[in-house]
Amino acid sequence: MVAFTRIDEEPIYIRSKIYEPDHLVVLEPTLIGAIDVTEGLKPGGWIIINSDKKAADFSQFKGFKVATIDATSIAVKYRLGSSAAPIVNTAILGALSKITGFVGLDAVRDAVREIAPVKKDENVKASEEAYEIAEAEQEQP
Amino acid sequence: MSDEIKWTKESDMPLMAMSLGRMTVNKTGSWRNLRPIIDKEKCIKCGICWKFCPDVSIEIDEEDYPVVVLDFCKGCGICVVECPKDAIKMVKED
Amino acid sequence: MQKVIMGNHALSWGALLSRAEVIAAYPITPQTEVVELLSNMCADGDLDAQFIKVESEHSAMAASMGASAAGARTFTATSAQGLALMHEVLHWATGARLPIVMGNINRAMAPPWTIWTEQTDSISERDTGWLQIYTSSIQEILDSVIQAYKVAEQVYLPVMVVLDSFVLSHTNENCDIPDQKKVDAYLPKFNNEYKLDVNKPAAYGGLTGPDWYYELRYKIQKDTERSLDLFVETGKEFGEVFGREYGLVETYKMDDADTVLVTSASIASTARPVIDAMREEGHKVGLVRVRVFRPFPSDLMRKLLAGRKKVLVVDRNISFGMSGAFYEETKAALYNVKSSPPMWGYIAGLGGRDVPTNVVRDMIDQTLSEDHPEGDIIWIGVKK
Amino acid sequence: MKYTIPEQEIMCSGHKACQGCGAALAMRYALKELGPRTMMTFPACCWSVIDGPFPYSSVGVPLFHTAFETAAVVASGIRAGLDARGEEDVNVVAWAGDGGTFDIGIQALSGTTERNDNIIYVCYDNEAYMNTGVQRSSSTPWGAVTTTTPPRHFKKERKKDMMAILAAHSIPYTASASVAYPEDFIKKVKYAKSIKGTKFLHIFASCPPGWRSAPELSVELARLAVQTHVFPLYEIHEGRYYKMSMNPKKKDIREYLKPQGRFRHLTEEQVAHMEKMYDEKYEWLLDLAERSKPYFEAKKEK
């Protein structure tokens, strides 16, 4: 499954899919290799991967910047979803905001608190923890 | 009893098909071929004929006798069959 | 209050702010979030409404009819197969002059099974007498529900607020949630003067012969025509109160446009940046987004389009054996007009096929490159 | 005079029912008890015509004519609308024929009933699509001739047990009644009025043109249907507890069948077969009623 987000200060009119994203978030790392996740991704863009590996382990993504976050472990730790099917979106959001700087941590906290249907505190903590530990890696050579 | 409603133009009508009068404008007595005649001698004022009239066409007078409302009686004859004293007979309409 | 909400929730918020008193609905993808949120709003006491959880869409509309006939402000929502199932009672709601407001999420019709966007479901209901608003943003969905009641309750006709499946229904977007007090002032309590009333017993919808049925239809048409002005008036008033004005159509860069793109809903939104880009290249292109499709704003379309060099209409729907509906009706409006421009009719995006900017651009480019359209239907992107 | 049923007449004369119409009688009785604070829905049925053409009406209460399959759910909607308006004391009544109840309307009726919406649903059963000219419905009894079940191919399927279907929804009250027993009929309407939830009344309403019987025999035939155990009068409380309203000594079914043209083609063998079906059903009912006795005794003590 793919989903798209457009972020702007101005009103957004385009209501189609995104074919050439600036950045990419991979929630499910097993997709890497199964499909070309970078198709259309603009050179120099961030790839933020939910993985317990290090960014350097994804050496195949040449020409992009890679960051990893073990969102699954964070989700499991805060009992978001189940161990078999953890819900990783709030953790990955924390990492995304840290790495890209699109929005600050306070905004993430507020949004998660407003939108999370259950376990609001745990979801906020997951975002915070991911924000804390996510580290920007260097561009892949 | 309500009067017949007569319109000449659309602006006279309501917005939707909404009734404005009662069906008592429709004198169903004209449907009748046979007319019930009540024999007061035999009548015991039990009200059974009044009770079983599907057309609300039997009234009870001040002396408790049933009276057929000829404007509306359709002449079905239920009252004749139901009368326990054979006090009602159907006769041909003129 | 600013809030990021999905299109479906914009419908729910619209119903909440309009103080809907009865809601009757049946779940169907992609409409479910509308009723889920409304159920929660009722359960939490935010919305003081009776929620009838019916066993089908047919019953959703029938229950809405009963509630509306009893004088309650009534809301429902559906999509595709559900709307088609309602067909019979959609006519009933109009004939009984019931100001029900319904959200319809445009989903393509089966078979084959599909859940993605296409307007053929609501277009198929264009002759039921329901007024139809096609929206193009999350904000507009919410705002349109409130306006819909204001128009519906003046002309005693039902209104359908239409939005694209997923493209709008499931897109989360920043939305201004209007202040309840302001909404209350804009949309006061409704006193239905024809409601069922034990103190004024009347039968509604009894057998009507050819002598007066014709006049009842005449009245529906007259009030439908009257709603054109009401959409403009209430849209203007909405702008004064809430800062967002709405009309029958939305125009963009039309002043000196010699080629005009006519379309609706989310495609019209995507087309805006295309118009911008082409303007920068020196093409005199403009955009007309048809917002109110029923009644069709024929007069306004004549004013906007007569005398232009070329018009192209993009339809995300098809009336098999003819063409796209917006094209049909735009063309019909321009017939008998002296300076009627040649008109290209494109079918795009059926069954949720994406319509990105480059596809919009292709259609405009093709129009610019031809002197006259070939035929009534131009398919775009058929895999051949 | 001592009236055995309420004196008030809400329904007026002048309506368009045929001579000797059981459905008209049923409406007259029901409204006597329901009174003026009542609203009704009619799907397509005889009563859509009986009530009178626009702009006239006979029922004397607000009435919403609606599509064939929607009587119950439009009533649900009216109930919700009235509750929203704070008019909770108004009786909301869906008034439908057997076609609109047994056949096309059963889905919406089941929905309303499952939700236990606070309405009274009345099915006036004349055992065929009489309004369209006597076509068979799933309420038409075994053996009957209609325009779609001609004598050489009379109806070979049994009448659907609507009472049991309704009872299976565990609604508070389900009852059968007959135009031949107005006091019992009205007692049942009165009880239905007094409790919340979905109440279902199954009314046996004779139809002279449809049954090919004499109009003057309408009440007598309805009475014979009860006396021959063809249409027993009983109540089901809470979907489980059965109570016979009366248990008359069985009369010969031939007395009921003979005056009706719709049964004239039946051979003696077929009549015997028919009688057996009714007898079995009646025994089954008596058995259920017997087993329900403790419930009603306990209720009485309270």
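Chains as they are written, first to last, in this note's numbering: chain A, 90 to 230; chain B, 440 to 533; chain C, 18 to 401; chain D, 37 to 338. The beta-carbon is built from N, C-alpha and C at its ideal position, and this holds for glycine as well.
- Coil, strand or helix - MET360/C by DSSP: The answer is strand: DSSP assigns MET360/C an E or B state.
- request: Name, in chain order, the residues that DSSP records as bridge partners for PRO175/A.
  value: In the DSSP output, where bridge partners are listed per residue, PRO175/A has GLY170/A.
Item checked: Per-residue contacts from SER496/B into chain D (C-beta, under 7 angstroms) -> The contact set of SER496/B on chain D, defined by CB atoms closer than 7 angstroms, consists of SER49 in chain order.
- DSSP three-state assignment for MET63/D, whether helix, strand or coil: Reduced to three states, the DSSP call for MET63/D is helix.
Exercise. Taking Cβ to Cβ, would you say SER81/C is nearer than 8 angstroms to THR93/C?
Worked result: Contact annotation: SER81/C and THR93/C have beta-carbon atoms nearer than 8 angstroms.
Discussion item. Within 8 angstroms of any Cβ in chain D, is that where the Cβ of PRO523/B sits?
Written reply: PRO523/B does not count as touching chain D.
For a cutoff of 8 angstroms on Cβ pairs, would you count TYR235/C as touching chain B? By the rule that beta-carbons nearer than 8 angstroms mark a contact, TYR235/C touches chain B.
Start-end ranges of the beta strand (DSSP E) lying completely within the stretch 226-308 of chain D, minimum 3 residues: Taken in chain order, the unbroken stretches of beta strand (DSSP E) that lie wholly in the stretch 226-308 of chain D and span 3 residues or more are 235-240, 270-273, 277-280.
Inset, instruction - Identify every residue that forms a DSSP beta bridge with CYS159/D. - result: As computed with DSSP, CYS159/D is found in a beta bridge with ALA132/D, HIS238/D.
Per DSSP, the bridge partner or partners of THR268/C: As computed with DSSP, THR268/C is found in a beta bridge with VAL305/C.
Quiz item: Are any of the Cβ atoms in chain D nearer than 8 angstroms to that of GLN67/C?
Solution: GLN67/C counts as touching chain D.
Discussion item. Closer than 7 angstroms to a non-hydrogen atom of the ligand PLP - does that hold for the CB of LEU61/D?
Written reply: As for the ligand PLP, it is missing from this structure, which has no ligand bound.
Query raised in the report: Excluding the five sequence neighbours on either side, which residues of its own chain have a C-beta within less than 6 angstroms of the C-beta of SER85/C, listed in chain order?
Result: Closer than 6 angstroms at Cβ, skipping near neighbours: THR91, LEU115, ILE117.
What are the partner residues of SER339/D, as DSSP defines its beta bridges?
Only positions 37 to 338 of chain D appear in this structure, which leaves residue 339/D out of reach.
Measure the alpha-carbon distance for ILE483/B versus ASP500/B and round it to whole angstroms.
If I take the Cα positions, the gap works out to 13 angstroms.
Given MET90/A as reference, the closest of ILE96/A, LEU194/A, ALA123/A, PRO100/A once Cα atoms are compared: Here the closest residue by C-alpha is ALA123/A.
Q.
Let me check understanding here. Comparing Cα to Cα, which of GLY99/C, ALA110/C, GLU105/C, GLY120/C lies closest to MET126/C?
A. Considering only alpha carbons, the answer is GLY99/C.
Exercise. Between ALA481/C and ARG143/C, is the Cβ-Cβ spacing less than 8 angstroms?
Worked result: Absent from the model: residue 481/C. The displayed extent of chain C is 18 to 401, so no value can be given.
Whole angstroms is fine: what's the gap from PRO129/C's alpha carbon to ALA101/C's?
-> One C-alpha to the other measures close to 15 angstroms.
**Message:** On the criterion of 16 or more Cβ atoms from any shown chain inside 10 Å, does VAL207/A qualify as buried, or is it exposed?
**Reply:** Under this definition VAL207/A is an exposed residue.
- Query: For LYS301/C, which option in ALA285/C, ASP272/C, LYS198/C, SER356/C has the closest C-alpha, if you only look at C-alpha atoms?
  - Reply: If we check each option's Cα against that of LYS301/C, ASP272/C comes out closest.
Beta strand (DSSP E) containing VAL506/B: first to last residue? In the DSSP assignment, VAL506/B falls within the beta strand (DSSP E) that extends over 505-507.
* To do: Tell me whether LYS400/C sits in a helix, a strand or coil according to DSSP, three-state version.
  => DSSP, read as helix, strand or coil, puts LYS400/C in coil.
In terms of residue numbering, what span does the beta strand (DSSP E) encompassing VAL279/C cover? For VAL279/C, the enclosing beta strand (DSSP E) covers residues 276-280.
Legend entry - Short Cβ contact (8 angstroms threshold) for ALA32/A with ILE158/A: No information on residue 32/A is available, as it lies outside the stretch 90 to 230 that chain A covers here.
Does GLU521/B pass the burial test, meaning 16 or more other C-beta atoms within 10 Å, or should it be called exposed?
It is buried - the Cβ of GLU521/B has at least 16 other Cβ atoms within 10 Å.
If we ignore side chains and look at the alpha-carbon of each, how far apart do PRO359/C and GLY366/C end up?
-> Near 23 angstroms, if we compare the C-alpha coordinates of GLY366/C and PRO359/C.
Original post:
Using the beta-carbon of each residue, which ones in chain B are nearer than 8 angstroms to TRP396/C?
Top reply: Ordered by position in chain B, no residue passes the 8 angstroms Cβ test against TRP396/C, which lies about 43 angstroms from the chain.
For this session: Keeping to the same chain, check which residues put their C-beta closer than 6 angstroms to that of LYS481/B; ignore five residues upstream and five downstream.
Result: Same-chain partners within the cutoff: LYS524, ALA526.
- Message: Using only CA atoms, which one of GLY193/A, VAL155/A, ARG104/A lies nearest to PRO132/A?
- Response: The residue with the shortest Cα to Cα distance from PRO132/A is VAL155/A.
Which residue or residues does DSSP assign as beta-bridge partners of THR210/D? By DSSP's assignment, THR210/D forms a beta bridge with PHE236/D, ILE272/D.
Problem set entry | Span of the beta strand (DSSP E) around VAL178/C | Element bounds for VAL178/C: 176-181.
Against GLU449/B, what residues of chain C qualify as contacts under a CB-to-CB distance less than 7 angstroms, listed in chain order? In chain order: GLU232, TYR235, LYS236.
task: Give me the Cα-Cα distance between SER315/C and GLY24/C, rounded to the nearest whole angstrom.
output: If I take the Cα positions, the gap works out to 29 angstroms.
Exercise for review: Please list the partners that ALA213/D has in chain B, where partner means a Cβ-to-Cβ separation under 7 angstroms.
Suggested key: In chain order: nothing, as chain B lies at least about 15 angstroms away.
Quiz item: Who are the Cβ neighbours of ILE22/C in its own chain at under 6 angstroms, not counting the five residues just before and after it?
Solution: Closer than 6 angstroms at the Cβ level, and outside the excluded window around ILE22/C, lie CYS192.
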